[in-house]
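Numbering of the sequence shown is given in my numbering, commencing with residue 1389 and proceeding in unit increments. Here a beta-carbon is modelled for each residue, glycine too, at the ideal position from N, C-alpha and C. As the structure is a computational prediction, the values presented were derived from the model and not from experiment. The next block holds one structure in the form of structure tokens; read it before the comments.
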Amino acid sequence: MKNHIQKGDVITVPASAGGIASGEGAIIGNIFGIAAYSAAVGEPVELATTGVYQLPKATAAVLTVGARVAWDNTAKNINVPGTGRFPVGVATEAAGNGITSVAVRLDGVGTVAD
């Protein structure tokens, strides 16, 4: 195809304010992804938009397998969906109160909830 740019499961975007560390979740516009490497603000960075990743979790959040999850960009962690949180996918493991990370399957799409 003459108009094909890239597959879409990994996209290249400029790093947002403050830059990004390898493996960190980031919201760029209406895109959520996991950084493939560290990049300073404005530098190109590859974000994985699909796949399963172990991500930091809000310690008080209780998640079941298959529960919808959202990214809290202020706290930089996974939480239950709610106001101001960006839906990112589903939990692929249970994670109770006090657990600090959870495996998440990214959906590749989302918008911040109002």
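Need the endpoints of the beta strand (DSSP E) that Val1401 sits in, please. 1398-1402
Three-way DSSP call (helix, strand, coil) for Lys1445 in this model: strand
Kindly identify the DSSP beta-bridge partner or partners of Arg1473. Answer is none; Arg1473 lacks a bridge partner.
If we call anything under 7 Å between Cβ atoms a contact, is Val1429 one with Ala1414? no
Going by CA-CA distance only, name the one from Asn1467, Ile1419, Arg1473 that's closest to Glu1434. Ile1419
The beta strand (DSSP E) enclosing Ser1426, as first and last residue numbers: No beta strand (DSSP E) holds Ser1426; DSSP gives it neither H nor E.
Determine, for Thr1437, whether the minimum Cβ-Cβ distance to residues of chain D falls below 7 Å. Of the protein chains in this structure there is only one, and it is not chain D.
Let me know if Arg1456 comes out buried or exposed under the rule of 16 or more other beta-carbons within 10 Å of its beta-carbon. exposed
Based on the DSSP secondary-structure assignment, which residues constitute the bridge partners of Ala1409? Answer is none; Ala1409 lacks a bridge partner.
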